[in-house]
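Have a look at the structure below before the remarks.
Number of protein chains: 2
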Amino acid sequence: MPFTLAEATTAADVAEARILPFLRATVAAGLLEHDAGTGLFAPCAEFAARRYEAGYLSWSLNANRPYIDHAVQFLREPEAAGGQHQRDGRRVAVSSRWIGSRGFYPGVLSEIIHRKPRRIVDLGAGAGALLIRLLTELPNSTAVALDLSSGACAEAEHAGRRAQVDDRLTVVNRSVETLVNDPGPLAGADIVHAGFVMHDVAQTPEVFAGVLRTCREQLSDGGCLVVTDAVPYVNTPGERAFSALFSYLHESSMGVRLPAEEQWCELFRQAGFSDVTSTPLPMPGSRLFVATR
Amino acid sequence: MPFTLAEATTAADVAEARILPFLRATVAAGLLEHDAGTGLFAPCAEFAARRYEAGYLSWSLNANRPYIDHAVQFLREPEAAGGQHQRDGRRVAVSSRWIGSRGFYPGVLSEIIHRKPRRIVDLGAGAGALLIRLLTELPNSTAVALDLSSGACAEAEHAGRRAQVDDRLTVVNRSVETLVNDPGPLAGADIVHAGFVMHDVAQTPEVFAGVLRTCREQLSDGGCLVVTDAVPYVNTPGERAFSALFSYLHESSMGVRLPAEEQWCELFRQAGFSDVTSTPLPMPGSRLFVATR
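So the protein lines, in turn, are chains A and B.
Quick note: to get our numbering, add 439 to the position in the first sequence (first position is 1).
Quick note: to get our numbering, add 439 to the position in the second sequence (first position is 1).
The structure is reproduced here in structure tokens:
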């Protein structure tokens with residue numbers, strides 16, 4: 440999407456004389472290209488690749504900034520520190536989306552799309568980006584976006600209207616855990632997806648078992664649960680650095696111990712799922728679990 | 440320098456049960472190695488290379504954090520923003536040292552050491568790391584560390600005592616600009632070094648000209664001025680990204696326009712220096728200027 444200097448000035452609400460040096464610096468850095476003939480600026484060919492890489496840095500250094508800035512306090516008294524220093528939800532969301540752009544969304548999308556589900560439920564749906572992509576690709580399907588954050592739910596409603604899929608998208612502002620007592624949002628789903636939310640639920644084993652059983656009961660025949668999540672401390676040369684950071688920050692600062700790959704699979708089987716597969720995704724330490732009813 | 444778990448526990452003043460998972464994560468990430476036999480932890484072979492790379496990230500995202508967190512305000516009203524949001528001096532110093540470890544210190548050290556100066560003056564000497572290395576390598580030389588920051592000067596005094604070079608190191612808490620009226624600290628220097636401080640002085644051309652002339656007048660016969668600094672917007676594939684960020688942040692948020700390579704050289708010549716050379720250093724956009732009296 441090329442843009443003019445005037446458009447950038449308006450979008451940023453910054454004077455032209457100040458935005459121009461910024462755009463020029465971005466061109467000099469090799470992130471934007473500038474066509475001197477038309478005056479248009481456009482992202483360079485590698486922009487998406489650079490943003491994907493920047494996602495890992497932004498997650499590590501910006502989203503998790505409180506854990507790094509107060510590292511000693513988190514080591515000495517993790518609970519008190521956790522109460523005082525919370526992550527900025529927007530930084531977490533943006534950096535996760537950048538990582539996801541190549542790290543897990545493409546794999547999840549293709550896995551779900553090729554199954555042609557008529558009804559999809561996304562647990563921890565955030566601002567609904569995944570479901571909106573799916574509803575756009577699957578024009579006869581309907582979906583439920585469930586999220587604990589009312590802000591994220593409002594964004595999902597808004598994004599659904601903007602993408603003109605709001606007639607097929609229901610947004611539900613609730614926690615995953617409440618599904619055990621009221622499984623309504625899951626009813627008739629062909630696919631239930633959960634991206635990086637189940638590791639939180641799994642910290643209370645009996646609740647997690649209840650959620651998994653409820654998902655299975657509510658799925659249609661042949662339906663499946665698709666869980667995108669992480670396994671701890673993957674040891675391959677390309678994965679070990681980020682996987683160690685991801686695993687350690689979860690256990691030390693967020694009170695989350697990631698289940699090992701085989702533990703995830705066993706938990707799905709114990710809830711009654713018959714066929715369980717696990718596939719690595721590009722994000723270091725991430726796995727795509729598919730558990731069939 | 441290998442260390443034990445007990446030593447880490449004492450140094451960090453954190454309980455063993457909490458420091459151990461941190462050390463294990465660092466081993467899993469491939470930054471430390473753990474010898475199960477002796478129980479010793481030690482930096483991995485590539486630790487110095489990783490820290491050098493991390494220096495660029497830490498400078499970009501941590502040291503310059505105020506400029507990124509308040510980017511829109513810096514675009515709209517740079518002077519007000521600059522007054523409100525200052526960088527953390529320690530973050531700037533630590534990240535610069537990590538970049539310097541391979542980005543410019545080795546080149547500067549070898550340039551100065553091979554000239555065997557008997558007296559060295561370092562302008563903007565910070566905590567004195569460069570001079571302490573030089574005095575250790577040159578046991579018959581003396582040095583003057585000059586810095587604007589009283590905190591940095593106190594650290595330099597302390598570091599000099601620890602390295603047992605304090606009898607040959609004089610620390611002067613003053614700005615570079617004051618040398619025009621009182622050139623005392625420069626007297627009899629064989630080498631005057633200035634690392635990434637002259638671009639600030641250069642923002643006021645007549646003051647910069649006076650400082651350069653004063654340095655030349657005070658240098659011994661055959662002495663030289665060694666300036667490690669940056670040139671703006673270097674365009675080579677390996678340099679353009681960091682050079683653009685460095686140049687833009689200096690002009691937009693610090694009010695510093697870096698002189699171009701030829702401008703630097705011309706300013707040295709105008710101050711009377713005869714032989715002026717410029718050599719690229721590994722840090723993108725950096726140059727080692729040597730201007731001979």
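No residue lacks a Cβ here, since even glycine has one placed at the ideal position from N, Cα and C.
| Check | Outcome |
| --- | --- |
| C-alpha distance - A566 of chain A paired with P556 of chain A, whole-angstrom precision | 21 Å |
| Length of the line joining the Cα atoms of L608 of chain A and V631 of chain A | 14 Å |
| Residues near E472 of chain A in its chain [Cβ-Cβ closer than 6 Å; skip 5 each side] | A481 and C483 |
| Local Cβ density within 10 Å of N733 of chain B, reported as buried at 16 or more and exposed below that | Given a span of 440 to 732 for chain B in the structure shown, any question on residue 733 of chain B remains unanswerable. |
| Contact test: L608 of chain B Cβ vs the ligand ADP heavy atom, cutoff 7 Å | Because no ligand of any kind appears in the structure shown, any question about the ligand ADP cannot be addressed here. |
| CB contact check: N501 of chain A to chain B, cutoff 8 Å | yes |
| Through-space distance from E485 of chain B to V729 of chain A, alpha-carbon basis | 38 Å |
| Nearest-angstrom Cα separation, counted from L496 of chain B out to G494 of chain A | 13 Å |
| Three or more C-beta pairs below 8 Å linking the stretch 536 to 554 of chain A and the stretch 656 to 669 of chain A | yes |
| Residues of the stretch 687 to 707 of chain B with Cβ closer than 8 Å to any Cβ of chain A, in chain order | Y687, E690 and S691 |
| Chain B contacts from the stretch 459 to 471 of chain A (Cβ-Cβ distance under 7 Å) | P460, F461, A464, A467, A468 and G469 |
| G623 of chain B versus F681 of chain B: straight-line alpha-carbon distance, rounded | 38 Å |
| Through-space distance from H689 of chain A to A475 of chain B, alpha-carbon basis | 26 Å |
| Interface partners of L496 of chain A on chain B, CB under 8 Å | L496 and L500 |
| T718 of chain A versus A:F712, A:C704, A:R708 and A:A710, residue with shortest Cα-Cα distance | A:C704 |
| Residue range of the unbroken beta strand (DSSP E) whose run includes T609 of chain A | L608 to N612 |
| Distance between A602 of chain B and L574 of chain B (C-alpha atoms, nearest Å) | 9 Å |
| Beta bridge counterpart(s) of V729 of chain B as assigned by DSSP | B:V665 and B:T716 |
| Short Cβ contact (8 Å threshold) for A628 of chain A with S659 of chain A | yes |
| DSSP state of R558 of chain A mapped onto helix, strand, coil | strand |
| Burial state of Q403 of chain A (16 or more Cβ within 10 Å) | Past the boundaries of the shown model lies residue 403 of chain A; chain A is included only from 440 to 732, so the question cannot be answered. |
| Opening and closing residue of the alpha helix (DSSP H) in which G522 of chain B lies | P517 to Q523 |
| Distance CB(N584 of chain B)-CB(V611 of chain B) smaller than 8 Å | Checking the sequence, you will find Ala at residue 584 of chain B rather than Asn. The answer is yes: Cβ separation under 8 Å. |
| Under 9 Å by beta carbon: chain B residues contacting V390 of chain A | No information on residue 390 of chain A is available, as it lies outside the stretch 440 to 732 that chain A covers here. |
| Helix, strand or coil at D621 of chain B according to DSSP, with G and I counted as helix | coil |
| Residues, ordered as in the chain, of the stretch 507 to 535 of chain B that lie near chain A by beta-carbon distance below 8 Å | V511, L514, R515 and P517 |
| Where the beta strand (DSSP E) containing V583 of chain B begins and where it ends | T581 to D586 |
| Cβ-based contacts, 7 Å cut-off: residues of the stretch 473 to 497 of chain B near chain A | L496 |
| Spatial neighbours of P505 of chain A in its chain, beta-carbon cut-off 7 Å, leaving aside the 5 residues before and after | H524, Q525 and R526 |
| Backbone secondary structure at A633 of chain A - three-state DSSP | strand |
| CB of R726 of chain A within 8 Å of CB of V670 of chain A, strictly | yes |
| As assigned by DSSP and simplified to three states, the class of F647 of chain A | helix |
| C-alpha gap between E550 of chain A and T449 of chain B, whole angstroms | 50 Å |
| Residue span of the beta strand (DSSP E) that contains L573 of chain B, given as start and end | Where L573 of chain B is concerned, there is no enclosing beta strand (DSSP E), although the alpha helix (DSSP H) it sits in stretches over A568 to E576. |
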